[in-house]
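Peer 1: For what it's worth, the numbering used here labels the leading residue of the sequence shown as 1, then goes sequentially.
The C-beta atom is built at its ideal place from N, Cα and C for all residues, glycine as well.
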Amino acid sequence: MNIDDGLLQAAKAHALSSGRNVSDIVRDLLAREVGWSADKAPARLDDARARPTLLAYSEGRISRRQAMQTLDLAPERHGEFVDAMNTLSIPWPKADPGQIEREADIVVRAIRESAGDAD
1 MNIDDGLLQA AKAHALSSGR NVSDIVRDLL AREVGWSADK APARLDDARA RPTLLAYSEG
61 RISRRQAMQT LDLAPERHGE FVDAMNTLSI PWPKADPGQI EREADIVVRA IRESAGDAD
């Protein structure tokens with residue numbers, strides 16, 4: 001995070017006078033801003049329950065979105081999905097060369113269009 005030096009000094013002084021530290025204050029403010037509390041924290045993924053779903057994703061039988069929904073992971077919890085894949089040593093799905101080519105064509109066309117080159 002980038003915090004103005006003056007603001008940081010004021011936060012440190014406030015934290016000292018209130019018997020807390022800046023990390024506590026920032027954590028409290030962020031939690032209040034996003035409506036989060038420790039008792040609403042999402043449960044950690046159960047490895048035994050997650051493994052079959054992650055394997056299905058790895059093998060291309062379900063999409064990442066379907067896997068995350070099955071595991072009750074909201075999009076903002078994507079990091080937990082990645083961590084579970086890596087922790088359980090589940091291989092990532094193989095890329096479809098045709099899909100990569102189609103997506104590359106879309107990107108090239110978008111770049112050309114934005115540059116004013118229709119070809």
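Extract the residue ranges of the alpha helix (DSSP H) inside the segment 44 to 99, only unbroken runs of 4 or more that lie entirely within it.
Peer 2: Entirely contained in the segment 44 to 99, the alpha helix (DSSP H) runs reaching 4 residues are, in chain order, 47 to 58, 64 to 70 and 78 to 87.
Peer 1: Please work out which residues of its chain come closer than 8 Å, Cβ to Cβ, to Ala-50, disregarding the five sequence neighbours upstream and downstream, and give them in chain order.
Peer 2: Locating residue 50 in the sequence shown gives position 50, counting from the first residue. Contacts found: Leu-71, Ala-84 and Leu-88.
Peer 1: If you draw a straight line from the alpha carbon of Ile-111 to that of Gln-99, how long is it in whole angstroms?
Peer 2: By 1-based counting over the sequence shown, the position of residue 111 is 111. By 1-based counting over the sequence shown, the position of residue 99 is 99. Going from the Cα of Ile-111 to the Cα of Gln-99 covers about 18 Å.
Peer 1: If distances are taken between C-alpha atoms only, which option among Trp-92, Leu-45 and Ile-62 comes closest to Leu-73?
Peer 2: As a first step, residue 73 is located in the sequence shown; it is residue number 73 there, counting from the start. When only C-alpha atoms are compared, the closest one is Leu-45.
Peer 1: Within 6 Å: the Cβ of Met-68 and any heavy atom of the ligand FAD?
Peer 2: Judged by which ligands are present, the structure shown has none, so any question about the ligand FAD falls away.
Peer 1: Helix, strand or coil for Arg-20? Go by DSSP, reduced to three states.
Peer 2: Position 20 of the sequence shown, counted from the first residue, corresponds to residue 20. If DSSP states are grouped into helix, strand and coil, Arg-20 belongs with coil.
Peer 1: Taking the Cβ atom as the reference point for each residue, do Pro-93 and Gly-116 lie within a distance shorter than 7 Å?
Peer 2: Your numbering for residue 93 matches position 93 in the sequence shown. Your numbering for residue 116 matches position 116 in the sequence shown. No; because the gap between Cβ atoms is not below 7 Å, this pair is not in contact.
Peer 1: Gly-35 to Arg-27, Cα distance in whole Å?
Peer 2: The sequence position of residue 35 within the sequence shown is 35, counting from 1. The sequence position of residue 27 within the sequence shown is 27, counting from 1. Approximately 12 Å between the Cα atoms of the pair.
Peer 1: When the Cα of Pro-52 is compared with those of Leu-16, His-14 and Pro-91, which residue comes out closest?
Peer 2: Counting from one through the sequence shown, the residue named residue 52 turns up at place 52. Closest option to Pro-52, Cα to Cα, is Pro-91.
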